[in-house]
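> Below are the C-alpha cells for one structure; questions will follow.
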Amino acid sequence: MDKTHDILCIGSVLWDVIGRTDRSMRVGSDVPGRIVRVPGGVAMNIAMALARLGMKPDLLTAIGRDPAGAELMEAAKVRGIGTDHVYLSEDLPTDSYMAVEGANGLIAAIADAHSLERAGDKVLRPLADGRLGTVNAPYAGPVALDGNLTTALLREIAHSPLFAKADLRIAPASPGKAERLLPLLDHPRATFYVNLEEAGLLAQTVFDSSAEAARALVDKGAHRVLVTNGGKGASLAQSGSHETDVLTQTPPEVLVARVTGAGDTFMAAHIAAEMRGADAASALTAALEAAALYVSGDTPL
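Using the working numbering, you'd call the opening residue of the sequence shown number 530 and step up by one each time.
Written as C-alpha cells, this is what we have:
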C-alpha cells in the first residue's frame, strides 16, 4: 500500500473565483475590488494548509480531464500535494466555486461541486483496491473528509469497513451542507470541525456560544467536536468528559482581509499540531493562531 503521505484529504478540489473589496457591501452593491482565481474546495484548502505546515497530504477527489483540471493538478503538485489517487473523469468538468467578500464578511457564494457528487464512490476506489487499503486491511491513518460528498455516500462511509480504523476529521462544506454529515455524527473515530451555525444545524437548535454547541453535540453522540465562532472563541468537547471539561480559547484579534478558507486552515493546523504530539490546549491555540494569520491575509495561498 502507498505510504508516501501523512493524511488523506477527501472531498472537493476545484477553482475558487473570489471577488474581494475593502468596503462593506449589501445586496445590489457594485464596488471596486480585486478578483482572484485560486485552487480551492474544502479538501484542497485543507491539503494546502497541511502542506504549508510541513505535512504530506494526498487527495481523493474527482477532477475533469479538461484544461482547468490539468491546471489544478499541476497547482496541487507544485504545492507538495499528492495527486496519484485522484479520479480523473473523461466526461465530467472540473468543479468551481464563486464568492464575493466585503469588509463585512462573506456576502454570497455558489459552489458547483456537481462533478464530485456524480463521481460518487469512484473517488474512494484506492481505499478498496489495495493502493491505500482493502476491506480486510483498511486504511489506518488520518483522513480529512468534507461534506461535499453526497448524503448517500457519507452514509455509506459512516458504516463502511474501509474507514473502520481511520482517524476521521470531518468538516461541512458549508452551512447549507452541514446536515449531510448527520449519519457520521456518532462515528466512534470521528472529530467534527464546525462553526456555530453548522453546529446548530446538526443539533437542530440555536446556540449562543461555541462551548454550549460543542457540549450539546457530544451529548447527541459525537465522539469529539471543535466549534468555532469567528473572533468570539472556539471550543473543544469530547465524549466521556465531564460537562465542565469543555476547552475554550479566544483567537488573536486581527484585521479581516479574507474569510473563504479560514475554517479549513483552522482544521488543518489543529490536525498538524496533534499529529506532532501537541496536547489539547496547545493544538487549539495553534489552530486559532493559524486561522487568525490566514484571515489577516498574511498566509500565502
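Think of the CB as a built atom: it goes at the ideal place given N, C-alpha and C, for glycine as much as any other residue.
Nearest to Gly570 by CA position, among Asp545, Asp559, Gly598 and Arg555, is which residue?
Mapped onto the sequence shown, residue 570 falls at position 41. Here the closest residue by C-alpha is Asp545.
> Looking at the unbroken beta strand (DSSP E) that takes in Tyr616, where does it start and where does it end?
Indexing the sequence shown from 1 puts residue 616 at position 87. Tyr616 -> beta strand (DSSP E) spans Tyr616 to Ser618.
> Return the first residue and the last residue of the alpha helix (DSSP H) that Arg744 is part of.
Here residue 744 refers to the residue found at position 215 when the sequence shown is read from its first residue. Ser739 to Asp748 is the extent of the alpha helix (DSSP H) around Arg744.
> Quick one: give me the first and last residue of the alpha helix (DSSP H) that Pro596 is part of.
Counting from one through the sequence shown, the residue named residue 596 turns up at place 67. Counting along the chain, the alpha helix (DSSP H) containing Pro596 begins and ends at Pro596 to Val607.
> Applying the 10 Å Cβ sphere with the 16-neighbour rule, what's the burial state of Ala681?
Within the sequence shown, numbered from 1, the residue matching residue 681 stands at position 152. Classification for Ala681: exposed.
> May I have the straight-line CA-CA distance separating Ala728 from His771, to the nearest angstrom?
Residue numbering aside, residue 728 sits at position 199 when the sequence shown is read from its first letter. Residue numbering aside, residue 771 sits at position 242 when the sequence shown is read from its first letter. Those two C-alpha atoms are separated by around 20 Å.
> With DSSP as the reference, identify every bridge partner of Met627, one or two as the case may be.
Residue 627 sits at position 98 when you count from the first residue of the sequence shown. DSSP output for Met627 lists Val546 and Ile639 as bridge partner(s).
> So for Phe848, helix, strand or coil by DSSP?
Any answer about residue 848 is impossible in this case: the structure gives the chain only from 530 up to 830.
> Ser553: buried (16+ other C-beta within 10 angstroms of its C-beta) or exposed?
As a first step, residue 553 must be located in the sequence shown, where it is residue number 24. Burial call: exposed.
> Have a look at the DSSP bridge pairing and note the partners of Ser553.
Your numbering for residue 553 matches position 24 in the sequence shown. Paired residues: none, contrary to the question.
> Could you compute how far the alpha carbon of Ala648 sits from the alpha carbon of Ala591?
On the sequence shown, position 119 is the one that residue 648 refers to. On the sequence shown, position 62 is the one that residue 591 refers to. The straight-line gap from Cα to Cα measures roughly 7 Å.
> Indicate whether Leu588 and Val607 have their beta-carbon atoms separated by less than 7 Å.
The residue given as residue 588 occupies position 59 in the sequence shown. The residue given as residue 607 occupies position 78 in the sequence shown. No, they are not a contact pair.
> Closest by CA to Val775, which one among Ala786, Arg753 and Gly759?
Within the sequence shown, numbered from 1, the residue matching residue 775 stands at position 246. Cα-wise, what sits closest to Val775 is Arg753.
> So, using beta-carbon positions, are Leu697 and Ala719 closer together than 7 Å?
By one-based count along the sequence shown, residue 697 stands at place 168. By one-based count along the sequence shown, residue 719 stands at place 190. It is a contact, given that the beta carbons lie within the stated cut-off.
> Can you have a look at Asn633 and say buried or exposed, based on whether 16 or more other CB atoms are within 10 angstroms of its CB?
Within the sequence shown, residue 633 is the residue found at index 104, counting from 1. Exposed is the call here.
> Below 7 Å between beta carbons: does that hold for Val785 and Ala821?
Taking the first residue of the sequence shown as 1, we reach residue 785 at position 256. Taking the first residue of the sequence shown as 1, we reach residue 821 at position 292. No. Outside cutoff.
> Rounding to the nearest angstrom, what Cα-Cα distance links Thr550 and Gly670 in this structure?
One-based indexing of the sequence shown puts residue 550 at position 21. One-based indexing of the sequence shown puts residue 670 at position 141. Going by the C-alpha atoms only, they are around 40 Å apart.
> What does DSSP give as the partner residues of Asn758 in its beta bridges?
The count along the sequence shown starts at 1 and reaches residue 758 at position 229. For Asn758, which the question treats as bridged, DSSP gives the partners Gly760.
> First and last residue of the beta strand (DSSP E) that includes Asn724?
Against the sequence shown, residue 724 aligns to sequence position 195. That run of the beta strand (DSSP E) goes Ala719 to Asn724.
> Expressed to the nearest angstrom, what Euclidean distance is found between the alpha-carbon atoms of Ala707 and Glu603?
Within the sequence shown, the letter at position 178 stands for residue 707. Within the sequence shown, the letter at position 74 stands for residue 603. Those two C-alpha atoms are separated by around 30 Å.
> Nearest-angstrom Cα distance between Asp559 and Ala637?
Your numbering for residue 559 matches position 30 in the sequence shown. Your numbering for residue 637 matches position 108 in the sequence shown. Whole-angstrom Cα-Cα distance: 13 Å.
> Work out the CA separation of Ala742 and Pro712 for me, nearest whole Å.
Along the sequence shown, one-based indexing puts residue 712 at 183. Along the sequence shown, one-based indexing puts residue 742 at 213. Straight-line Cα distance between these residues: approximately 18 Å.
> Ala628 and Ile547: beta carbons closer than 7 Å?
Translated into positions along the sequence shown, residue 628 becomes position 99. Translated into positions along the sequence shown, residue 547 becomes position 18. A contact, by the Cβ cut-off of 7 Å.
> Grab me the residues of Pro717's own chain with a C-beta within less than 8 Å of its C-beta, minus the 5 sequence neighbours each way, in chain order.
Numbered from its first residue, the sequence shown carries residue 717 at position 188. Here the set comprises His752.
> Three-state secondary structure (DSSP) at Ala657?
In the sequence shown, residue 657 corresponds to position 128, counting from 1. Note: Ala657 maps to coil in three-state DSSP.
> Less than 7 Å separating the beta-carbons of Val747 and Ser768?
By one-based count along the sequence shown, residue 747 stands at place 218. By one-based count along the sequence shown, residue 768 stands at place 239. Closer than 7 Å, so yes.
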